[in-house]
Structures are given as structure tokens and as C-alpha cells.
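K.L.:
My questions all concern the structure below.
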Amino acid sequence: MLSSDFIRNIISRDVEVKKNQGRVHTRFPPEPNGYLHIGHAKSICLNFGLAAEYEGLCNLRFDDTNPSKENVEYVESIKSDVKWLGFDWGDRELYASDYFEQLYQYAVQLIKEGRAYVDSLSAEEIRDYRGTLTDPGKESPYRNRSVKENIDLFERMRRGEFKDGAHVLRAKIDMASPNLLMRDPTLYRIRWVSHHRTGVQWCIYPMYDFTHCLSDSIEGITHSICTLEFENNRPLYDWVLDELGVDCHPQQIEFARLNLSYYILSKRKLVELVTGGFVTGWDDPRMPTISGLRRRGYTPGSIRSFCERIGVAKRDSMVDLALLEYCIREDLNKSTPRVMGVLRPLRVIIDNYPKDQVEYLNAANNPEDPAMGTREVPFSRVLYIEKEDFQEIPQKKFFRLAPGREVRLRYAYFIKFVRVVKDEQTGEVVELHCTYDPKTRGGDSPDGRKVKATLHWVSAPHAVAAEVRLYDRLFLRPNPEAEKDGTDFKTYLNPDSLKTLTPCRVEPTLSGSPPGSRFQFERLGYFCVDPVDASDEKLVFNRTVTLRDQWAKIQKAQQHR
RNA sequence: UGGGGCGUCGUCAAGUGGUAAGACACAGGAUUUUGGUUCCUGCAUUCGGAGGUUCGAAUCCUCCCGCCCCAGCCA
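Going by our numbering, the first sequence opens with residue 2, and the numbers climb by one from there.
This is how it looks when you write it as C-alpha cells:
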């Protein structure tokens with residue numbers, strides 16, 4: 002076993018002592034009320050990973066007990082995201098709503114045993130009766146209704162004789178419990194809402210605490226893994242199963258949910274970003290959703306690797322975004338073809354290059370992997386280079402193109418600066434004139450002369466226009482939710498999280514690239530063809546992540562000096 | 001101020017009485033036709049704090065401090 006964490010320790014021990022006959026059966030139980038995000042990926046990798054490691058099974062179970070917030074769009078997105086991440090639930094696509102009848106019968110059993118009652122207090126009254134953190138609650142006047150009356154009322158609740166909120170079914174536990182969840186928790190409420198799967202079949206719906214443990218039990222789950230905030234619910238989880246005397250009593254184990262710096266992983270807040278138009282949708286490449294990361298160009302493997310590296314523990318933590326970026330670079334570096342594209346084009350004229358000549362130069366598709374072959378890149382008298390690769394008055398440690406300098410054009414020639422042409426009005430650099438050394442074809446100098454920089458470039462007449470979207474972190478602060486003064490998290494939205502550049506110039510091999518295809522633009526970063534907005538006529542690239550950038554660090558250090 | 005959890009490097013995280021793994025980040029250096037990659041090197045005499053037990057403590061005990069969760073007919 003590669004990784005060791007407290008959950009795997011528990012399960013290993015259980016398997017060793019043949020608990021559950023040595024069987025391991027987990028489940029991933031999303032509520033279909035939003036899209037999955039990278040925090041869910043942690044749970045998915047954990048639950049499906051455990052099942053795989055211990056040769057067990059993992060169910061996909063939708064926890065769909067609150068029809069007013071759930072819908073099929075979410076169900077479909079969740080299925081496709083889990084699948085995309087590389088996991089398979091076989092024929093075990095399950096729904097808590099499939100157990101509604103069974104759950105109802107369990108509730109009846111609880112009533113018959115005198116462990117549940119129909120309460121007719123209003124929601125506000127129930128809140129008042131619950132007490133506070135320090136004061137015990139008091140018992141509802143309806144708490145001692147007879148079993149017969151409770152059964153009658155509960156049946157009529159099901160039949161639809163009452164309005165929303167008229168009655169609820171409550172467990173009869175202990176109104177003085179120091180654990181508020183044990184103060185007669187609600188088990189069923191009346192909701193005249195159509196359910197995305199059961200339609201109008203039901204007007205009463207079971208609550209999470211009643212549903213979850215029993216669904217686990219029904220499915221034969223051995224280890225029910227959830228996040229820390231459910232730790233308080235565990236006594237209730239166990240209470241329900243114990244009172245009902247079910248055969249299968251899974252063990253609930255809680256771990257800390259993921260927090261990622263410069264992002265937000267609260268479903269409620271992500272919904273807010275989507276509905277408020279702060280992003281273009283759930284799959285906006287700036288979103289930490291699985292669909293957003295996918296559109297951004299992240300690979301399933303990189304996300305799985307990330308989830309392995311962050312580990313599993315019980316302490317609240319904030320994982321550095323840099324780790325996620327490390328994982329995607331690591332994956333893409335090995336697998337992605339190199340290509341040249343100029344984001345902010347600056348025209349360069351090679352004065353001594355024959356006017357109508359075109360040469361095709363050989364370029365490696367991936368220096369990391371010769372098996373990926375080579376391609377021919379056209380070179381001509383007029384080229385584009387990156388604006389930031391020229392400085393008229395070079396700053397310290399800048400060793401790209403500048404007056405008097407010679408640099409290499411990748412896979413092409415050494416070129417030497419001749420003169421700069423500026424806009425008379427603005428003083429802006431509009432064009433460069435250079436000369437090339439024909440003896441350096443391919444990028445090597447026969448006289449062994451060295452050059453300090455290699456630039457990427459594109460032949461102007463052959464270049465293909467493209468739109469490039471530069472994405473950056475969504476928030477300015479590492480933890481936008483933690484600002485104590487009550488500031489709204491949206492205050493810290495990064496105004497530069499998206500920069501759209503157009504027209505950019507990319508090498509001709511890129512025309513017609515299929516949606517979703519990934520490339521490394523040399524010296525810039527990893528990009529993928531946007532699966533939504535790109536078309537045959539229009540190339541659109543999303544920047545997945547930049548390359549590590551030593552030069553950017555030097556510049557930053559110089560600024561701070 | 002009730003109850004339940006958690007505190008090990010900047011960030012994650014192993015460690016379960018025998019003398020602080022690993023990863024990311026960071027800092028140097030080597031290689032390099034991507035200021036990329038790769039490769040070396042460095043990076044917690046110390047585990048929230050204070051006492052105690054022990055030959056020996058991050059691990060056991062006591063007290064203290066800090067952070068998170070719970071008062072939905074949400075999950």
C-alpha cells in the first residue's frame with residue numbers, strides 16, 4: 002500500500018480481523034443540488050480508491066431527499082464528472098429516493114416502538130423548544146401522543162391531508178442532550194414539491210439523518226466516509242440503526258474536507274457566483290468545479306494525483322494552489338506536444354532574408370519524448386515575436402532581444418538587432434528590423450558562438466489567428482472566506498482572473514485543432530482548445546497553467562527592491 | 001460559559017514510548033536550442049504552551065492556550 006492515513010489504518014485493521022467478513026464497501030453520496038468541485042474529487046478518489054485497493058465496491062448514491070433544491074441537470078453532471086475522473090460504479094447508480102417506501106416502513110417501526118412521534122408544533126416553536134448550546138430544551142406537548150395516534154397522523158401525512166409544516170415526525174430521544182442533534186431530531190417533513198425522480202408520489206420526505214444511515218445499511222456499506230461537520234451526527238446515525246436493529250450497521254468515519262487557496266469550495270457560494278453572473282457558468286474555467294477544471298484543460302490524472310498528494314486527515318487545512326498547478330504541469334509536461342504561438346505579436350523583419358523565400362524548419366514535438374516525432378514550421382522574412390521579448394532599454398538580467406543583442410529563434414536562426422520602428426505619436430514600438438545569420442540554420446552556430454536567449458516566433462504570412470484566454474486565480478486572497486470583518490467574499494474576486502487576447506498568432510499546424518486538445522506553447526504555458534467556444538472558423542485557446550517562470554520571479558524581486 | 005473534534009517545517013502530511021519520513025513551496029548549484037524539463041544540495045536539536053511520569057516522550061498523565069463544528073421542517 003502506497004499511502005497510509007487514519008482511514009486506511011482503520012480499514013486495514015477491520016479487514017485483518019475479518020469485520021464484515023473482510024468486505025469493504027464504500028459509497029460516494031452527493032446531493033444533486035449543484036456541480037461537483039475539486040473538494041468532491043477528494044472524496045471520490047478516497048471512496049472509489051479505497052474500494053479498488055481493498056478489492057471492494059463503491060456505490061454512486063444520490064442523496065436526493067430535498068426535492069426543492071435538486072434536479073436532473075445536477076444528476077447528469079455528477080455522473081459525467083465522476084466518470085471523467087476515471088471511476089466506475091458499475092450497475093450501482095443508486096438513489097436514496099429508491100428507498101422512500103422502505104424508509105417509510107422503518108419510520109412506522111420506530112413509531113410502533115415508541116421511539117418516534119408526530120409533532121404539531123410550528124417550526125418556530127420547535128426552535129424555541131430546542132433550547133440553546135448551554136440550556137437544555139423542553140419537551141413538546143405532543144411528545145406523548147399514543148402510538149395509535151402517531152401512526153394515524155403519520156399515515157395521513159403521507160396521504161396528503163396536511164399542508165406544509167403542519168406536522169413533522171420526530172425521533173424521541175432526549176431534549177436535554179448536550180448534543181443538539183439528539184434533541185428529538187426531525188425525521189420527516191411535509192413538502193408539497195414534485196421530486197425529480199418520484200414525481201408527486203410523495204408529499205413527505207425523510208431528512209438526511211434518517212435517510213443516510215439507512216441507505217448505507219440497505220446497501221451493505223461497511224465504511225461510511227463523510228466530512229468532519231458530520232461528526233456531531235454520528236451518535237444519531239448510530240441511534241437510528243441501533244433502534245431499528247438492522248443487520249448491517251456501517252461505521253461512519255469523518256475526514257477533513259479540502260480547502261484550496263485562492264478558491265472557494267462552498268457549494269452555496271459557488272451557486273452565488275454562477276447565478277450572480279460573476280462567472281459564465283458552472284464550467285467557467287476559473288471555477289474549481291470538475292467541469293470548470295476540465296474546460297480549463299486539467300486532466301483527470303492530474304486531479305487524481307493531486308488528491309493522492311494532499312492526503313487524508315482530520316485537521317482543517319488549506320492546500321496551496323501551487324500543488325494543484327504542480328500536478329497538472331507534471332502530467333502535461335510528459336504528454337503534451339510543443340508548439341509556438343505568439344500572444345502579443347511584435348512584427349520582426351529580417352532585412353537580409355530573401356523577400357519571397359520560405360523555408361520549412363524541423364521542430365521537435367516534445368523534447369521529453371522523441372517518440373512524439375517532429376514537424377515542419379515555416380520561416381519567412383516577416384515574423385512575429387512576443388512583445389515582452391524585446392526591451393529597448395533592457396532591465397537587469399534581461400537577456401532577450403535588445404539593441405546590440407543577438408538571440409536565437411527556436412529551431413530557426415540567430416538574429417541580430419538592427420533598429421526599432423516606433424509610432425510617431427505614441428512612441429510605441431511597432432516593428433523591429435533584424436538580420437539573420439544563414440550559417441545558424443536550425444539554431445546552432447558553427448563557430449560555437451553562444452546566445453543567451455531563445456525566443457519563440459511565428460512566420461507572419463503563415464500565422465493563424467486565434468483568441469487566447471489567460472486565466473488566473475479567481476480570488477485575490479488565499480482565503481477569501483476568512484476575512485473576519487464580515488466582508489463579502491465577492492469583494493476579493495480577482496478582476497484579472499480572465500484576460501482575453503486577440504488576435505494572437507499561432508503556427509499553422511494548429512489550425513483545425515479539435516476542441517479539448519492540449520498543447521504546450523513553448524515558453525508560455527499549457528493551453529487547450531476551448532470545448533465550447535472554438536469552431537472550425539475560430540480558434541480559441543484557454544490557458545490551463547503557465548510554465549514555471551524564473552524570469553517572472555526575478556522581475557518581481559527587482560520590483561520589490 | 002454545553003457537547004463534539006483538531007493543533008508536527010511557509011503549505012499539506014507520516015509518526016501510535018526508542019531519539020522528527022515524504023511532497024509542494026522556497027534558496028543555491030549543474031545540465032539545457034523552452035529563464036521549461038531533469039539532476040544535485042540546503043530547508044523542524046524540535047512536534048500549541050507549561051509542568052509531570054520514564055533510562056528515554058511528538059507519542060503517556062495534568063493543567064492551560066488556540067482553531068473548527070452543532071441551536072434547518074438543508075445535506
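All C-beta atoms in this analysis are idealised placements derived from N, C-alpha and C, irrespective of residue type, glycine included.
Can you check which of these residues, Met208, Ser147, Pro289 and Asp153, is closest to Tyr472 by C-alpha distance?
P.N.:
Ranking Met208, Ser147, Pro289 and Asp153 by Cα distance to Tyr472 puts Pro289 first.
K.L.:
Nearest-angstrom Cα distance between Leu181 and Ile254?
P.N.:
Leu181 and Ile254: Cα-Cα distance of roughly 20 Å.
K.L.:
Got a sec? Which residues, its chain only, sit under 7 Å from Phe279 by beta carbon, not counting five neighbours each side?
P.N.:
If we look at Phe279 and ignore the five residues flanking it on each side, its Cβ neighbours are Lys491 and Leu494.
K.L.:
To the nearest angstrom, report how far apart Gly449 and Val459 are at their CA atoms.
P.N.:
Straight-line Cα distance between these residues: approximately 26 Å.
K.L.:
Under 8 Å: do the region 328-336 and the region 399-418 share three or more Cβ pairs, one atom per stretch?
P.N.:
These segments do not touch.
K.L.:
Just to confirm before moving on: does the CB-CB distance between Val313 and Ile350 stay below 8 Å?
P.N.:
Contact: no.
K.L.:
Return the CA-CA distance between Arg295 and Val83, expressed in angstroms with no decimal places.
P.N.:
Each residue's Cα considered, the two are about 12 Å apart.
K.L.:
If you draw a straight line from the alpha carbon of Ser5 to that of Glu17, how long is it in whole angstroms?
P.N.:
Looking at the two C-alpha atoms, the distance is approximately 16 Å.
K.L.:
Short of 7 Å in beta carbon distance, which residues of its chain neighbour Gly302, apart from the five on each side in sequence? Order them along the chain.
P.N.:
Cβ neighbours of Gly302 beyond the five flanking positions: Asp332.
K.L.:
Does the beta-carbon of Arg310 have 16 or more other beta-carbons within 10 angstroms, so that it is buried, or is it exposed?
P.N.:
Exposed, since its Cβ has fewer than 16 Cβ neighbours within 10 Å.
K.L.:
How is Met2 classed by DSSP in three states: helix, strand or coil?
P.N.:
Because the pLDDT at Met2 is just 38, under 50, the model does not fix this residue reliably, and the value given afterwards should be weighed accordingly. It is coil, neither helix nor strand.
K.L.:
What would DSSP say about Tyr130, mapped onto helix, strand or coil?
P.N.:
Note: Tyr130 maps to helix in three-state DSSP.
K.L.:
Please give the ranges of any beta strand (DSSP E) in the region 28-83, keeping only runs that are unbroken, at least 3 residues long and fully inside the region.
P.N.:
Listed in chain order, they are 58-63.
K.L.:
Going straight from the alpha carbon of Asp129 to that of Thr66, what length do you get?
P.N.:
Their backbone Cα atoms lie some 25 Å apart in a straight line.
K.L.:
Whole angstroms is fine: what's the gap from Gly526's alpha carbon to Phe542's?
P.N.:
Distance between the alpha carbons of Gly526 and Phe542: 11 Å.
K.L.:
Taking the alpha helix (DSSP H) that Asp213 falls in, what are its first and last residues?
P.N.:
The question names Asp, but residue 213 is His in the sequence shown. That run of the alpha helix (DSSP H) goes Tyr209 to Glu220.
K.L.:
What does the alpha-carbon distance come out to for the pair Leu1 and Arg159?
P.N.:
Limits of the chain in this structure are 2 at one end and 562 at the other, which puts residue 1 out of reach.
K.L.:
Which residue marks the beginning of the beta strand (DSSP E) containing Gln521, and which one marks its end?
P.N.:
Start and end: Arg519 to Phe522.
K.L.:
Who are the Cβ neighbours of Glu393 in its own chain at under 8 Å, not counting the five residues just before and after it?
P.N.:
Taken in chain order, the residues that qualify are Ala403, Pro404, Val421 and Val430.
K.L.:
Would you kindly check if the distance between the Cβ of Val469 and the Cβ of Leu511 is under 8 Å?
P.N.:
Contact flag unset, no.
K.L.:
In terms of DSSP beta bridges, what is Gly342 paired with?
P.N.:
DSSP lists Val507 as partners of Gly342.
K.L.:
Here's a check: name, in chain order, each residue in its chain whose Cβ is nearer than 8 Å to the Cβ of Gly57, leaving out the five neighbours to either side.
P.N.:
Cβ within range, chain order: Arg24, Val25, His26, Thr27, Leu51 and Thr223.
K.L.:
Work out the CA separation of Leu344 and Glu432 for me, nearest whole Å.
P.N.:
Near 16 Å, if we compare the C-alpha coordinates of Leu344 and Glu432.
K.L.:
Rank Pro496, Pro462, Gly513 and Glu74 by C-alpha distance to the C-alpha of Leu477 and give the top, closest one.
P.N.:
When each option's Cα is compared against that of Leu477, the closest is Pro496.
K.L.:
For the alpha helix (DSSP H) containing Thr276, name the first residue and the last one.
P.N.:
Its alpha helix (DSSP H) spans residues Lys268 to Thr276.
K.L.:
Expressed to the nearest angstrom, what Euclidean distance is found between the alpha-carbon atoms of Thr281 and Arg316?
P.N.:
Going by the C-alpha atoms only, they are around 34 Å apart.
K.L.:
Taking only runs of the alpha helix (DSSP H) that begin and end inside the region 350-416, which ones reach a length of at least 4 residues, in chain order?
P.N.:
For the region 350-416, not a single whole alpha helix (DSSP H) run of length 4 or above is found.
K.L.:
Helix or strand or just coil, what does DSSP make of Val243?
P.N.:
The sequence given here has Asp at residue 243, not Val. In this structure, Asp243 counts as helix in the three-state DSSP scheme.
K.L.:
How about Leu456 and Arg544: are their beta carbons less than 8 Å apart?
P.N.:
No, they are not a contact pair.
K.L.:
I need the straight-line Cα distance from Pro439 to Phe520, nearest angstrom please.
P.N.:
Their Cα atoms are separated by approximately 30 Å.
K.L.:
Who are the near neighbours of Ser218 in its chain, counting only those whose CB is closer than 7 Å to its CB and skipping five residues on each side?
P.N.:
These residues qualify, in order along the chain: Leu242, Val247, Cys249, His250 and Pro251.
K.L.:
Anyone know if the C-beta pair for Leu215 and Tyr100 falls short of 8 Å?
P.N.:
Cβ atoms of Leu215 and Tyr100: closer than 8 Å.
K.L.:
Comparing C-alpha positions only, which one of Thr375, Lys268, Asp550 and Pro355 sits nearest to Glu32?
P.N.:
That would be Lys268, whose Cα lies nearest to the Cα of Glu32.
K.L.:
Of the residues Lys149, Arg144 and Thr375, which one's Cα is nearest the Cα of Asp185?
P.N.:
Ranking the options by Cα distance to Asp185, first place goes to Arg144.
K.L.:
Where does Val148 fall in DSSP's three states?
P.N.:
Reduced to three states, the DSSP call for Val148 is helix.
K.L.:
Just curious, the beta strand (DSSP E) that His561 is in, first and last residue?
P.N.:
It is not in any beta strand (DSSP E) - His561 instead sits in the alpha helix (DSSP H) that spans Gln551 to His561.
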